[in-house]
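If you read the sequence shown in the numbering used here, its first letter stands for residue 1434, the second for the next number, and so on. Each remark here refers to the structure printed beneath this line.
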Amino acid sequence: MNPDLRNLIALQDTELKIASLQKQISDIPKQIETYHQELVRLEEAHQHRVVQLQEDTKRRRTFESEVDMMRARLSKLKDQLMLVKTNKEYTAMLHEIQMAEAQIRQEEDKILEIMEEMENLEASLKSDERELKARAEEIRKSVQACQSAIPELEAALVSLGEEKARAESNIQSELLARYRRIAELRKGIALAEARDELCTACHVRIRPQVYAELLGTEDIHSCDSCSRILYLKEAY
Ligand SMILES: [Zn+2]
């Protein structure tokens, strides 16, 4: 294989590694932000349940004071029952008492319902707190891992940069310029493997004469369709 081509392949390989490392590094703040957002969401959901529990407590108190008032009214009704004189009055009052008792039972059922809901809420709040604590700890560790990975990634980037400079210095400037032009047009991929008479980047057939020259000579050829510089893997 043409040594220039071999160097170009090494250069592209290094540049792709650099691009991937740079992306890894630039993704870190986003990743950390995602972790923070998760934590905020968890805390909000927890806070929501805490508020719900407080509201249930208030509702329960309201119902309880209503029941107290109803009971006071009931006992007044019972006192009055002793004082009625006619049968008709007595029946009417008795009916009123029964109604009041039924109402109290209804209210007490509501209180029981609220108490049950509160019990469930309290239980889930406790397990929530444990889960929240555990997840917050996990997130804290993940964020720390993300942050502490940066220096290592940056060091790798520096050594890849040196590798890139070395590869570039080994390539004649005209070919390097051609490589750069194509790389700019083709999202950093200026080289394409030729295989089975096809350009593996754009999948267009390579002219037989060009393919024969790729196989038999050290001439550098480009794909007619995507302009990428072609190379054969077997020879590499
Ligand atoms: Zn092509």
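Think of the CB as a built atom: it goes at the ideal place given N, C-alpha and C, for glycine as much as any other residue.
- Distances taken from the Cβ of R1661 to the heavy atoms of ligand 1 include one shorter than 7 Å.
- DSSP, read as helix, strand or coil, puts L1444 in helix.
- V1643 has its Cβ no nearer than 7 Å to any heavy atom of ligand 1.
- If you check the CB distance, V1500 and E1549 do not come in under 8 Å.
- Shown here, E1630 sits in coil according to DSSP, grouped into three states, outside any helix or strand.
- Between ligand 1 and the CB of S1575, the shortest heavy atom gap is not smaller than 7 Å.
- Between R1492 and I1547, the C-beta spacing is below 8 Å.
- For the options N1440, E1448, N1435, D1437, the alpha carbon positioned closest to that of G1621 is the one of E1448.
- DSSP, read as helix, strand or coil, puts S1658 in coil.
- The three-state reading of DSSP puts R1619 in coil, since its state is none of H, G, I, E or B.
- Annotation for C1579: the continuous alpha helix (DSSP H) segment containing it runs 1520-1602.
- By the Cβ criterion, the region 1464-1480 is not in contact with the region 1643-1656, since fewer than three pairs of Cβ atoms, one from each stretch, lie closer than 8 Å.
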